[in-house]
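Working notes for the structure below.
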Amino acid sequence: MQMSPSGARIESPPIDAVGVEERVARLCSRSIKKDAKLQALHLTLSMIDLTTLEGADSEGKVRQLCAKALQLHAALPDLPHVAAVCVYPALVGVAKRALDGSGINVASVATSFPAGQAPIEIKLLEVRKAIEAGADEVDMVISRGRFLAGDFAYTADEIASVKEACGDAHLKVILETGELGTLDAIRRASDLAMRSGADFIKTSTGKIKPAATMPVVLVMLEAIRDHYLRTGEKIGMKPAGGISTAKDAIRHLVMVRETLGQDWLDPDLYRFGASSLANDVLRQIVKQRSGIYQSFDDFSL
Amino acid sequence: MTDSTPATGHGAPKLRLGLRNDNDDGWGYAPAPESTDHVELRDRYGLFIDGEFTDAKGGRTFETANPATEEKIADVALASDADVDAAVAAARRAYDEVWSQLAPRERGKYVYRIARVLQERGRELAITESLDGGKPIRESRDVDIPLAAAHFFYYAGWADKLDYAFPGRGARSLGVAGQVIPWNFPLLMAAWKIAPAIAAGNTVVLKPAETTPLTALKLAEIIQDAGVPPGVVNIVTGAGETGAAVVQHEDVDKVAFTGSTEVGKLIRRALAGSGKHYTLELGGKAANLVFEDAAVDQAVEGIVNGIFFNQGHVCCAGSRLLVQESVADEVISKLKDRMETLIVGDPLDKNTDIGAINSRAQLDRIEEYLKIGEEEGAEPFQTSCPVPDRGYWCRPTLFLHAAQSHRVVQEEIFGPVLAVQTFRTVDEGIAMANNTPYGLSGGVWSDKGAKAFRVTSRIRAGVLWANTYNKFDPTAPFGGYKESGIGREGGLAGLHAYLQPEEAA
Chain A
178 MQMSPSGARI
188 ESPPIDAVGV
198 EERVARLCSR
208 SIKKDAKLQA
218 LHLTLSMIDL
228 TTLEGADSEG
238 KVRQLCAKAL
248 QLHAALPDLP
258 HVAAVCVYPA
268 LVGVAKRALD
278 GSGINVASVA
288 TSFPAGQAPI
298 EIKLLEVRKA
308 IEAGADEVDM
318 VISRGRFLAG
328 DFAYTADEIA
338 SVKEACGDAH
348 LKVILETGEL
358 GTLDAIRRAS
368 DLAMRSGADF
378 IKTSTGKIKP
388 AATMPVVLVM
398 LEAIRDHYLR
408 TGEKIGMKPA
418 GGISTAKDAI
428 RHLVMVRETL
438 GQDWLDPDLY
448 RFGASSLAND
458 VLRQIVKQRS
468 GIYQSFDDFS
478 L
Chain B
9 MTDSTPATGH
19 GAPKLRLGLR
29 NDNDDGWGYA
39 PAPESTDHVE
49 LRDRYGLFID
59 GEFTDAKGGR
69 TFETANPATE
79 EKIADVALAS
89 DADVDAAVAA
99 ARRAYDEVWS
109 QLAPRERGKY
119 VYRIARVLQE
129 RGRELAITES
139 LDGGKPIRES
149 RDVDIPLAAA
159 HFFYYAGWAD
169 KLDYAFPGRG
179 ARSLGVAGQV
189 IPWNFPLLMA
199 AWKIAPAIAA
209 GNTVVLKPAE
219 TTPLTALKLA
229 EIIQDAGVPP
239 GVVNIVTGAG
249 ETGAAVVQHE
259 DVDKVAFTGS
269 TEVGKLIRRA
279 LAGSGKHYTL
289 ELGGKAANLV
299 FEDAAVDQAV
309 EGIVNGIFFN
319 QGHVCCAGSR
329 LLVQESVADE
339 VISKLKDRME
349 TLIVGDPLDK
359 NTDIGAINSR
369 AQLDRIEEYL
379 KIGEEEGAEP
389 FQTSCPVPDR
399 GYWCRPTLFL
409 HAAQSHRVVQ
419 EEIFGPVLAV
429 QTFRTVDEGI
439 AMANNTPYGL
449 SGGVWSDKGA
459 KAFRVTSRIR
469 AGVLWANTYN
479 KFDPTAPFGG
489 YKESGIGREG
499 GLAGLHAYLQ
509 PEEAA
């Protein structure tokens with residue numbers, strides 16, 4: 178248990194990093210073949226938040242991305258669609274119009290992504306603007322500086338006020354695990370976020386390395402599981418950053434399957450934040466169906 | 009968060025975890041069997057005596073079978089007293105004329121060569137081990153075979169450095185070692201026995217277990233291929249009588265036995281006054297103590313590794329779980345969930361966590377204990393994982409609310425069965441851990457380093473793990489207190505067991 182300067186308490190179980198790595202190694206030894214592999218690949222596609230978060234993002238780039246979301250691979254018409262397209266607030270409107278009626282959500286980062294170093298009023302305004310522009314989901318960053326300084330009450334209040342500003346939109350809380358330093362801190366931040374109103378907890382912005390490593394994700398999944406067992410509330414998980422191959426993604430699904438069970442293998446509760454994952458998954462699907470690997474040039478950007 | 013205890017009762021949150029549950033229609037794992045195509049197994053195996061494979065005198069044989077299918081794999085020669093005589097004579101000749109005369113560095117080269125070929129043929133050996141003994145391929149591939157090779161590598165390095173291992177003692181070999189090994193880690197136990205013995209300059213006669221002779225016989229092929237001089241390693245197959253003949257042979261200088269406490273006692277009686285050196289590595293009933301300040305999820309993983317590794321056929325298995333009352337509900341509930349994800353089945357499937365029970369006889373013994381536990385009043389829990397129709401299987405099992413006076417707490421079951429008890433104070437936990445005729449191993453789970461050291465130093469067992477379990481390394485000595493045996497194997501201590509000071513030689 179730690180007491181913050183403002184008096185907020187947070188009690189999280191200790192985490193043994195060596196044990197976590199060992200468990201991850203064992204999960205990685207699962208061998209996923211044939212039908213199970215094809216099913217996992219389809220599932221992965223349906224969980225992807227297709228993302229572009231660059232300073233150079235333009236309306237054209239976002240329309241391009243939305244078109245990809247609507248049609249992942251022309252040669253395979255029976256694929257599931259991705260879960261969402263994730264962009265900066267200024268481009269939410271463009272994405273919303275491009276995806277209208279498709280069932281694909283628009284997610285927007287907000288709260289002064291990625292550093293989060295802005296006054297709370299500005300962060301809340303940014304969230305409201307994103308929602309007004311039509312965002313279905315908001316990906317916020319926590320103020321890591323305040324959290325690391327032990328000011329858990331601030332972090333809790335920050336998440337709760339963003340949640341309030343979100344209204345019906347789903348809130349994903351980015352912990353930026355690469356800046357938190359230890360698995361103990363990651364567990365504590367996960368517990369804090371879930372108790373403060375997060376619908377999803379998310380590893381990273383994708384701007385900091387390391388990002389969604391397997392030990393980090395396992396610790397967050399265990400936090401979600403404990404929260405569910407205690408409250409009956411199902412919180413979602415979104416690893417983001419560093420998951421670029423189908424093999425990585427399947428390993429994540431194995432980890433989810435054996436930690437949280439069947440219910441979390443659903444885009445409503447598990448997402449991959451990724452920019453290049455989709456094409457590797459598509460390539461594997463073609464390989465599973467045809468027996469032949471195709472060139473990356475056969476898959477659209 | 010103040011309440012870390014999961015909600016219970018009707019309608020409580022429940023995870024859908026079973027990976028191969030028939031009524032769970034979600035994503036599960038397809039079978040992923042390891043191919044056996046390139047593994048050559050003969051229909052018939054002879055004894056390995058004086059560098060050659062030969063039939064038993066009189067031609068007697070026994071069958072070795074696959075415990076996952078109950079199908080026969082091969083006929084194996086059954087060594088009689090006369091065959092054991094021949095093996096010991098070959099070992100004596102090789103000791104006197106070749107091995108004890110060889111420059112230590114040359115001896116080391118042969119041991120290194122065995123280690124390398126074990127690695128090269130690792131896949132074939134892993135598959136053979138899983139076929140003959142029922143252990144999951146994940147374990148034979150990742151644990152048994154690499155560790156067996158590591159033991160040969162480690163002791164090969166000592167072959168020409170014995171004077172440095174025990175400075176000023178003038179370390180000298182003992183002569184002929186008679187070695188009897190069990191069926192739970194067939195090749196690994198052969199490596200534990202043979203590597204330090206021959207690196208130290210002894211010659212050996214080894215008797216593998218009757219249910220799992222094949223990898224030892226493949227090791228004999230490797231030893232033959234490596235050009236090790238004839239007679240340095242002899243392997244005689246058979247059951248208890250053959251083992252007794254090896255142990256009691258008058259020209260054997262040193263006996264090394266791994267197996268049951270019951271047989272260990274017989275051996276110690278038989279050897280009394282004989283002047284033979286001996287080490288006995290026997291049974292265990294280890295306690296795994298989980299304190300309230302432990303990292304719970306990692307402790308649960310350690311409990312699983314402690315008891316379900318190798319179907320629980322492990323002398324140092326953490327077969328007693330002692331959990332502090334304040335976290336007992338949470339630990340047990342999480343343990344049950346974790347157990348639901350353990351896949352029981354085809355040992356050759358890469359996803360199998362728990363393979364086949366080694367033999368019909370061992371399954372009968374385990375099932376007898378399952379009955380006893382219930383009659384004694386402990387509450388059984390088994391997972392819902394489906395098991396194959398043929399073969400010998402036991403689902404991972406807990407006995408909750410077990411008591412110190414129960415036989416399932418006192419006696420070694422040697423199966424995937426964990427007796428669960430709770431304790432209130434640190435002292436009580438230690439007292440319960442020590443309240444056993446055995447003293448082979450134990451585990452302690454606490455996030456407090458000082459507590460881990462304090463507790464482990466008060467548990468009377470040869471091997472103790474803190475915040476981990478079932479970790480093995482050739483450099484670490486292994487062996488027990490009390491009825492768990494006498495002497496140490498592994499590390500320098502394991503080398504010492506095959507040497508004597510110059511003045512004694």
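Residue numbers (our numbering), protein chains in the order written: chain A, 178 to 478; chain B, 9 to 513.
Just so it is clear, CB atoms sit at the ideal spot from N, CA and C, and this is done for glycine as well.
Keep in mind the model is a prediction, meaning the values are calculated, not measured.
Reducing DSSP to helix, strand and coil, say where B:Gln187 ends up.
Counting from one through the second sequence, the residue named residue 187 of chain B turns up at place 179. Strand.
So is B:Thr349 in contact with chain A if we call contact Cβ pairs under 7 Å?
Here residue 349 of chain B is taken as the residue at index 341 of the second sequence, counted from 1. So yes, B:Thr349 belongs to the interface.
CA-CA distance, B:Gly326 and B:Gly292?
Walking along the second sequence from the start, residue 326 of chain B turns up at place 318. Walking along the second sequence from the start, residue 292 of chain B turns up at place 284. Roughly 9 Å between the two C-alpha positions.
For the stretch 208-232 of chain A, which residues have a beta carbon sitting closer than 7 Å to at least one beta carbon of chain B?
Ser208, Ile209, Lys210, Lys211, Asp212, Ala213, Gln216, Ala217, Leu220
Counting pairs of beta carbons, one from the stretch 420-430 of chain A and one from the stretch 226-243 of chain A, are three or more of them closer than 8 Å?
no
With DSSP as the reference, label A:Gly450 as helix, strand or coil.
Position 273 of the first sequence, counted from the start, is the residue given in the question as residue 450 of chain A. Residue state, collapsed to three classes: strand.
I want to see whether chain A comes within less than 7 Å of B:Asp91, judged by CB atoms only; does it?
Locating residue 91 of chain B in the second sequence gives position 83, where the first residue counts as 1. No, B:Asp91 lies away from the interface with chain A (no Cβ there is under 7 Å from its Cβ).
How would you call A:Pro182, buried or exposed, if buried means at least 16 neighbouring beta carbons within 10 angstroms?
For the purposes of this step, residue 182 of chain A is taken as the residue at position 5 of the first sequence. Bear in mind that the predicted position of A:Pro182 carries a pLDDT of just 48, short of 50, making it unreliable; the figure below should be weighed with that in mind. With fewer than 16 other Cβ atoms within 10 Å, it is exposed.
Taking only runs that begin and end inside the stretch 257-302 of chain B, name each unbroken beta strand (DSSP E) of 3 or more residues, in chain order.
262-266, 285-289, 295-298
If we count Cβ pairs, one from each stretch, closer than 8 Å, do we get three or more for the stretch 314-331 of chain B versus the stretch 423-430 of chain B?
yes
Any C-beta of chain B under 7 Å from that of A:Asp193
Your numbering for residue 193 of chain A matches position 16 in the first sequence. For A:Asp193, the answer is yes, since a Cβ of chain B falls inside 7 Å of its Cβ.
Taking Cβ-Cβ distances shorter than 8 Å, what residues in chain B pair up with A:Pro190?
Along the first sequence, one-based indexing puts residue 190 of chain A at 13. Per Cβ cutoff of 8 Å: Ser12, Ala303, Val304, Asp305.
Using 8 Å as the threshold, is the stretch 331-340 of chain A in touch with the stretch 371-379 of chain A, meaning 3 or more CB pairs across them?
yes
When you compare the CB of A:Gln294 with every CB in chain B, is at least one pair closer than 7 Å?
Residue mapping note: residue 294 of chain A aligns to position 117 of the first sequence, counting from 1. So no, A:Gln294 is outside the interface.
In terms of residue numbering, what span does the beta strand (DSSP E) encompassing B:Pro388 cover?
Counting from 1 along the second sequence, the entry for residue 388 of chain B is found at position 380. 387-390 is the span of the beta strand (DSSP E), which, as asked, contains B:Pro388.
Consult DSSP for A:Leu348 and reduce its assignment to one of helix, strand or coil.
To locate residue 348 of chain A, count along the first sequence from 1; it is residue 171. A:Leu348: strand per DSSP, three-state reduction.
When DSSP labels each residue in this structure, what does A:Met414 get in the three-state scheme?
Locating residue 414 of chain A in the first sequence gives position 237, where the first residue counts as 1. Residue state, collapsed to three classes: strand.
Please report how far the alpha carbon of B:Asn210 lies from the alpha carbon of A:Pro387, in whole angstroms.
In the second sequence, the residue the question calls residue 210 of chain B occupies position 202. In the first sequence, the residue the question calls residue 387 of chain A occupies position 210. So the two alpha carbons sit approximately 53 Å from each other.
The alpha helix (DSSP H) with B:Leu316 in it runs from where to where?
Translated into the one-based positions of the second sequence, residue 316 of chain B becomes position 308. Leu is not the amino acid found at residue 316 of chain B; the sequence shown has Phe there. First-last of the alpha helix (DSSP H) with B:Phe316: 304-316.
With a Cβ-Cβ cutoff of 7 Å, do A:Val315 and A:Ala287 count as a contact?
Position 138 of the first sequence, counted from the first residue, corresponds to residue 315 of chain A. Position 110 of the first sequence, counted from the first residue, corresponds to residue 287 of chain A. Result yes, Cβ atoms of A:Val315 and A:Ala287 sit closer than 7 Å.
For a test of the three-state rule: what should DSSP assign to A:Met317, helix, strand or coil?
For the purposes of this step, residue 317 of chain A is taken as the residue at position 140 of the first sequence. Reduced to three states, the DSSP call for A:Met317 is strand.
Between which two residues does the alpha helix (DSSP H) carrying A:Val171 extend?
What is shown of chain A runs 178 to 478, which leaves residue 171 of chain A out entirely.
Counting only Cβ pairs nearer than 9 Å, list the residues of chain B close to A:Leu442.
Against the first sequence, residue 442 of chain A aligns to sequence position 265. Within chain B, the residues near A:Leu442 are Gly34, Trp35.
Three CB pairs or more closer than 8 Å across the stretch 450-469 of chain A and the stretch 216-225 of chain A
yes
Taking A:Leu430 and A:Leu220 to be in contact with their CB atoms under 8 Å, please state how far apart those CB atoms are, rounded to whole angstroms.
If you number the first sequence from 1, residue 430 of chain A lands on position 253. If you number the first sequence from 1, residue 220 of chain A lands on position 43. The pair is a contact, with the Cβ atoms about 6 Å apart (cut-off 8 Å).
Select from A:Arg274, A:Ala267, A:Asn282, A:Lys273 the residue whose C-alpha is nearest the C-alpha of A:His258.
On the first sequence, residue 258 of chain A is found 81 positions in, with the first residue counted as 1. When each option's Cα is compared against that of A:His258, the closest is A:Asn282.
Using 7 Å as the threshold, is the C-beta distance between B:Ala102 and B:Ala364 below it?
By 1-based counting over the second sequence, the position of residue 102 of chain B is 94. By 1-based counting over the second sequence, the position of residue 364 of chain B is 356. Not a contact, by the Cβ cut-off of 7 Å.
Write down the C-beta distance between A:Ala261 and A:Ala284 rounded to the nearest angstrom, noting that I regard them as a contact closer than 8 Å.
Here residue 261 of chain A refers to the residue found at position 84 when the first sequence is read from its first residue. Here residue 284 of chain A refers to the residue found at position 107 when the first sequence is read from its first residue. Between A:Ala284 and A:Ala261 the Cβ distance is about 4 Å, and since that is below 8 Å, they are a contact.
Return no unless some Cβ of chain A is closer than 7 Å to the Cβ of B:Glu309.
Residue mapping note: residue 309 of chain B aligns to position 301 of the second sequence, counting from 1. Yes - at least one Cβ of chain A is within 7 Å of the one on B:Glu309.
Kindly indicate if chain B contains any beta-carbon less than 7 Å away from that of A:Leu360.
Position 183 of the first sequence holds residue 360 of chain A. By this cut-off, A:Leu360 is not an interface position.
Check whether the Cβ of B:Ala38 lies closer than 7 Å to any Cβ atom in chain A.
Taking the first residue of the second sequence as position 1, residue 38 of chain B is located at position 30. Judged by the 7 Å Cβ criterion, B:Ala38 is in contact with chain A.
Would you mind working out which of A:Ala451, A:Ile462, A:Leu437 sits nearest B:Leu342, comparing C-alpha positions?
Working through the second sequence from its first residue, we reach residue 342 of chain B at position 334. The sequence as given places Lys at residue 342 of chain B; Leu does not occur at that position. Of the candidates A:Ala451, A:Ile462, A:Leu437, the one whose C-alpha sits nearest the C-alpha of B:Lys342 is A:Leu437.
B:Gly450 (DSSP reduced to helix, strand or coil)
Taking the first residue of the second sequence as position 1, residue 450 of chain B is located at position 442. Residue state, collapsed to three classes: strand.
Ends of the alpha helix (DSSP H) at B:Lys80?
Locating residue 80 of chain B in the second sequence gives position 72, where the first residue counts as 1. Where B:Lys80 is concerned, there is no enclosing alpha helix (DSSP H), although the beta strand (DSSP E) it sits in stretches over 79-85.
B:Phe70 (DSSP reduced to helix, strand or coil)
Taking the first residue of the second sequence as position 1, residue 70 of chain B is located at position 62. Of the three classes helix, strand and coil, the one that applies to B:Phe70 here is strand, per DSSP.
Short CB-CB distance (under 7 Å) between B:Arg146 and chain A
Position 138 of the second sequence, counted from the first residue, corresponds to residue 146 of chain B. Yes, B:Arg146 counts as interfacial toward chain A.
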